[in-house]
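Single-structure report; data block below.
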Ligand SMILES: *Cc1c(COP(=O)(O)O)cnc(C)c1O
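Numbering (the numbering used here), first residue to last: 1051 to 1279.
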């Protein structure tokens, strides 16, 4: 079996094990930044059609090269309003909405011919200054603003734990996002997606209720250098 397919299978097995018999679905988004269109074709061929990219300029040529392949593209990077048109025109999901201004720009730019854009509000659960996201106590307000925009469909929340091998710390940070998620649902927002968990912490995220994990390295191998999230 080719390496990418073997890695994908191993990750899928770890997701099933982390669910410990729970019956909810966990959607696996394969994160393909720094990877070629051919690598993406391989992972789609192995059965994963949710693909995540972090940089608009890097993603657009791959999206063009793979036109006609059945892929749901997820934009998981930091988003600036001047990129809203490219993102709203080419992606099905955006995970990093953390300002009303960005949400409004996406809403205006979403083409009428496409279904409303699926959106997750990003919440800063690690309190690292370098990470994007609204503070947990501001998330509900932003969710309300996003849900009022007709060309966006608020699906849920996204968050990242700080890089640590301390499983208890990972879980504590993911639990914070889960708490905000439960509060938003209790307040009447129809959220169904908790986007949390990456290669080094997805098992902790699933233990805390994740419904969508974004995994790059464990599927495609290590990336060159370090990029900002
Ligand atoms: C790069 C990235 C990922 C995937 O990270 P890995 O550690 O390679 O699994 C997930 N989410 C976001 C927002 C990213 O930028």
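Every residue gets a Cβ at the ideal spot worked out from N, C-alpha and C, and that includes glycine.
Query, Result
"Which of helix, strand or coil DSSP assigns to residue 1264", "strand"
"Residue 1211 versus residue 1178 - alpha carbon distance", "9 Å"
"Own chain partners of residue 1273 with C-beta closer than 6 Å, once the 5 adjacent residues on each side are dropped", "1084"
"Among 1079, 1096 and 1159, the one whose alpha carbon lies nearest that of residue 1125", "1079"
"Cβ-heavy atom distance, residue 1210 to ligand 1, below 7 Å", "yes"
"Backbone CA spacing between residue 1171 and residue 1207 [nearest angstrom]", "5 Å"
"Residue range of the alpha helix (DSSP H) that includes residue 1232", "1217-1236"
"Beta-ladder partner(s) of residue 1172, from DSSP", "1208"
"Unbroken stretches of the alpha helix (DSSP H), 4 residues or longer, contained in the region 1119-1200", "1134-1140, 1150-1159 and 1189-1197"
"Limits of the unbroken beta strand (DSSP E) element including residue 1102", "1100-1103"
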